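First residue of the sequence shown? That's 1 in full-length UniProt numbering, and the numbers climb one at a time after it. Glycine is no exception: its CB is placed at the ideal position from the N, C-alpha and C atoms. Quick caveat, the model's predicted, so the values are computed rather than measured.
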Amino acid sequence: MDRETYLKKVQAIRVAKETAMDKVEVIEEKLKATESERSRLDEELNWLQKKYSNMEKELDTVNNDLSKAQDMMHYAEERVSECDTEIQNLQRRIQMLELQLERSEEALSVKKTEEVTNQEKLKEAELRATNAERTVTKLEEDLEKMEVSLNEEKEKYNQLIKDLDDAYNDVALY
1 MDRETYLKKV
11 QAIRVAKETA
21 MDKVEVIEEK
31 LKATESERSR
41 LDEELNWLQK
51 KYSNMEKELD
61 TVNNDLSKAQ
71 DMMHYAEERV
81 SECDTEIQNL
91 QRRIQMLELQ
101 LERSEEALSV
111 KKTEEVTNQE
121 KLKEAELRAT
131 NAERTVTKLE
141 EDLEKMEVSL
151 NEEKEKYNQL
161 IKDLDDAYND
171 VALY
């Protein structure tokens, strides 16, 4: 092998080495970006789970308030029948209880509307959580693929270094 051919071969190997190193850098950057996205999605998932938990607590509170309102209404009806002899007081009491009942029903109506809204928000949050889980799974798969590709490029790089060392040793022997 003449020296010019040998130098061309060494130059070609160097170019291949630089190309392989560039590919490794690109893959490492993609890996970092994927890991960052995964972290962001994990944080978003945690936030959605907390939001879901808070919505459940709010729903429990609404149900307790509803039960209390129903208990109050029941008590008011019992009082009306017991106070039949005190008509004047009963009329004032009935007016107050009717007003209280209207407020309770309005509050109940508002709570029901809020419950429906919260249920819709909960469904949306569950859908977002499901989508986030799918995205995390896909990103994990992409990450695994990139790691495999990175390892393959590293093997190619190591082989290229070995070839360069062999070529250098061959030149050194001449």
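Check, Outcome
"ILE2 (DSSP reduced to helix, strand or coil)", "Checking the displayed sequence, the identity of residue 2 turns out to be Asp instead of Ile. Three-state result, ASP2: coil."
"Beta-carbon proximity list for GLU58, same chain, < 7 Å, skipping 5 on both sides", "ASN118"
"The region 65-79 / the region 92-109 touching (three or more Cβ pairs under 8 Å)", "yes"
"For GLU82, the three-state DSSP class (helix, strand or coil)", "helix"
"Length of the line joining the Cα atoms of SER36 and VAL136", "11 Å"
"Between the CA atoms of LYS50 and VAL62 - distance to the nearest angstrom", "18 Å"
"Assigned exposure category for GLU147 - 16 Cβ within 10 Å defines buried", "exposed"
"Spatially closest choice to residue 178 from ARG14, VAL24, ARG3, by CA coordinates", "Outside the shown range of the chain, which is 1 to 174, sits residue 178, and nothing can be said about it."
"Reference ASP122; option with closest CA among ALA20, GLU29, TRP47, ASP42", "Note that residue 122 is Leu in the sequence shown here, rather than Asp. Residue TRP47 is the option with its Cα nearest to LEU122."
"When ASN158, GLU153, ARG128 are compared against GLU44, the one with the closest alpha-carbon", "ARG128"
"Residue environment, LEU99, which counts as buried when at least 16 other CB atoms sit within 10 Å", "exposed"
"Of the listed residues GLU114, LYS8, LEU97, TYR6, nearest to LEU66 (C-alpha basis)", "GLU114"
"Buried versus exposed call for GLU18 [16 or more other C-beta atoms within 10 Å across all chains shown]", "exposed"
"Of the listed residues LYS112, ALA16, SER104, nearest to ALA76 (C-alpha basis)", "SER104"
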